[in-house]
Ligand code: ZN
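And the structure:
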């Protein structure tokens, strides 16, 4: 069963998220459903606000075969360096893609579904995907990183497609 996605400009995408403190069956079930939803939507990542839950939870899979799920609870970026261009889209903003600038390398600290600490360094696609998803937990969308000119282009595109910013 997949979860209902929330789409821009749904205010839940801008709402603050809460830290997860209980690592119980309910959390495990939510993580499982988020992964099923992410794979069903052909996404490389999904953050809890995108399915209407204001919690610090992210799932990702940047492998080519889509068989390397990553679950991050309460993730934070603790260090970043360098810059790389990143062409991105978002399941909450269907059909819109653009190139933004991201940090090239990031260090991430998080917990797994059992509450155990995990940390890793990421580069390339994993790095930009982690930045995109962790941004969601802070109410930030990839379009927020666009230059003013590109953001105006986005606004026009969004209006044309029936939306209101
Ligand atoms: Zn997104």
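Residue numbers (our numbering): 10 to 174.
Built from N, CA and C at the ideal position, the CB exists for glycine as well.
What residues in its chain sit with their C-beta under 6 Å from that of residue i, if we drop five residues either side in the sequence?
| i | result |
| --- | --- |
| residue 40 | 80 and 122 |
| residue 16 | 101 |
| residue 138 | 53, 54, 69 and 71 |
| residue 127 | 119 and 121 |
| residue 37 | 122 |
| residue 43 | 55 and 68 |
Closest by CA to residue i, which one among the options?
| i | options | result |
| --- | --- | --- |
| residue 26 | 84, 46, 117 and 106 | 84 |
| residue 115 | 105, 91 and 107 | 91 |
| residue 155 | 133, 110 and 23 | 110 |
| residue 130 | 86, 124, 55 and 94 | 86 |
| residue 51 | 105, 168 and 99 | 99 |
| residue 47 | 67, 105, 31 and 35 | 67 |
| residue 88 | 24, 112, 104 and 11 | 112 |
| residue 20 | 168, 63 and 124 | 63 |
| residue 45 | 73, 32, 33 and 11 | 11 |
| residue 104 | 166, 75 and 160 | 166 |
| residue 132 | 144, 117 and 125 | 117 |
| residue 160 | 106, 35, 33 and 31 | 106 |
| residue 32 | 125, 144 and 157 | 125 |
Apart from the five residues just before and just after residue i, which ones in its own chain have a Cβ nearer than 8 Å to its Cβ?
| i | result |
| --- | --- |
| residue 65 | 26, 27, 28, 29, 57, 82, 83, 84 and 146 |
| residue 97 | 106, 107, 108, 109, 137, 141 and 151 |
| residue 24 | 58, 63 and 148 |
Please check the pair residue i and residue j, which I expect to be a contact at CB under 8 Å, by giving their CB distance rounded to whole angstroms.
| i | j | result |
| --- | --- | --- |
| residue 152 | residue 163 | 5 Å |
| residue 170 | residue 54 | Rounded, the Cβ-Cβ distance is 23 Å, inconsistent with contact. |
| residue 22 | residue 60 | Not really, about 11 Å apart at Cβ, beyond 8 Å. |
For residue i, which residues of its own chain have a beta-carbon under 7 Å away from its beta-carbon, when the five flanking residues on both sides are left out?
| i | result |
| --- | --- |
| residue 94 | 108 and 110 |
| residue 77 | 70 |
| residue 49 | 11 |
| residue 135 | 71 |
| residue 75 | 48 |
Any alpha helix (DSSP H) of 4 or more consecutive residues that is wholly inside the region 75-121: none
Can you check the region 38-78 for any beta strand (DSSP E) of at least 3 residues that lies completely inside it and give the ranges in chain order? 54-56 and 66-69
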